[in-house]
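**Student:**
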Amino acid sequence: MANLSEDVAVGTQVVRVQAASRDADANGEISYSIISGNEHGRFSVDPRTGDVFVIEALDYEASHEYYITVEATDGGSPPLSDIATVNVNLTDVNDNKPIFSQDIYTTVISEDAELGKAVLTVMAEDSDGPSHNHIRYSIVDGNQGSPFNMEPLRGELKVARQLDRERMSGYTLKVVAEDNGVPPLSSSAIINIDISDVISSSC
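Here the sequence shown is numbered in UniProt numbering, starting from 1 and rising by one per residue.
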């Protein structure tokens, strides 16, 4: 078994497969070849040494485990052969940032909205593996006076203070989705909020 980071350099040796022959002459010369498990051509084997190499960039999100079958064949007539399976496990690297479902969100809310009322929910997805794709949401700009707050795990925006259209008719918030990778990656989106007026009726 071999464990590799998905960002390992092309040309890296993964493992050496070795076979032995009891024949002492040319019949004992062994050649190696990959016969299965390399459908995407990510690996190669040196036919003389049995060294297995990475020859194409790897991607954990595309495939995080490979079972490569290597055949060792001697020089006899008829040739004799044996096989070995190399299990390659990839470890995830934080190479994908969260992506919001849309760049700009737009909504309207009444100025008499109750505290705690949900305004809208933003959503982002991170295509990294489970160790790097947990997302936290936050407001980073435009929330003067803190009239809104954001639930960091669900991305739900709520009213936090009484709104007043006469004082502020709308808000443009910048929100960020940040993953839990090391270092973390993030992206941003805009929320445009129009505050609708409430007209009091008089008797």
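Built from N, CA and C at the ideal position, the CB exists for glycine as well.
For A124, list the residues DSSP reports as bridge partners.
**Tutor:** For the purposes of this step, residue 124 is taken as residue 124 along the sequence shown, with counting starting at 1. BP columns for A124 point to F100.
**Student:** With a CB to CB cut of under 8 Å and the five nearest residues on each side skipped, what residues in its chain are close to L4?
**Tutor:** Taking the first residue of the sequence shown as 1, we reach residue 4 at position 4. T12, V14, V54, L58, V88, N89, L90, T91.
**Student:** From the DSSP output, in three-state form, read off P183 for me.
**Tutor:** As a position in the sequence shown, residue 183 is number 183, starting the count at 1. In the structure shown, P183 sits in coil (DSSP, three-state: anything other than H, G, I, E or B).
**Student:** What distance in whole Å lies between the Cβ atoms of S81 and T69, which are believed to be in contact at a cut-off of 8 Å?
**Tutor:** Here the question's residue 69 lines up with position 69 in the sequence shown. Here the question's residue 81 lines up with position 81 in the sequence shown. Actually they are not in contact, since the Cβ atoms of T69 and S81 sit about 12 Å apart, beyond 8 Å.
**Student:** Assuming Y137 is part of the beta strand (DSSP E), what are its boundary residues?
**Tutor:** Sequence index remark: in the sequence shown, residue 137 carries index 137 (1-based). From DSSP, the beta strand (DSSP E) with Y137 extends over 136-141.
**Student:** Less than 7 Å between the C-beta atoms of A113 and V159, yes or no?
**Tutor:** Numbered from 1 along the sequence shown, position 113 holds the residue referred to as residue 113. Numbered from 1 along the sequence shown, position 159 holds the residue referred to as residue 159. A contact, by the Cβ cut-off of 7 Å.
**Student:** Find out if the Cβ-Cβ distance for the pair Y66, G50 is shorter than 7 Å.
**Tutor:** Residue numbering aside, residue 66 sits at position 66 when the sequence shown is read from its first letter. Residue numbering aside, residue 50 sits at position 50 when the sequence shown is read from its first letter. It is not a contact, given that the beta carbons lie outside the stated cut-off.
**Student:** Within 10 angstroms of its Cβ, does H40 collect 16 or more other Cβ (buried), or is it exposed?
**Tutor:** The count along the sequence shown starts at 1 and reaches residue 40 at position 40. That one is exposed.
**Student:** Would I199 be called buried (16 or more neighbouring beta carbons within 10 Å of its own) or exposed?
**Tutor:** Here the question's residue 199 lines up with position 199 in the sequence shown. The residue is exposed, with fewer than 16 neighbouring Cβ atoms inside 10 Å.
**Student:** Could you give the DSSP three-state label for D197: helix, strand or coil?
**Tutor:** Within the sequence shown, numbered from 1, the residue matching residue 197 stands at position 197. The answer is coil: DSSP assigns D197 none of H, G, I, E or B.
**Student:** Give a yes or no on whether 7 Å exceeds the smallest Cβ distance from V108 to chain B.
**Tutor:** This model lacks chain B altogether, as it is built from one protein chain only.
**Student:** Return the bridge partner residues of R16 from the DSSP annotation.
**Tutor:** Your numbering for residue 16 matches position 16 in the sequence shown. R16 pairs with D51.
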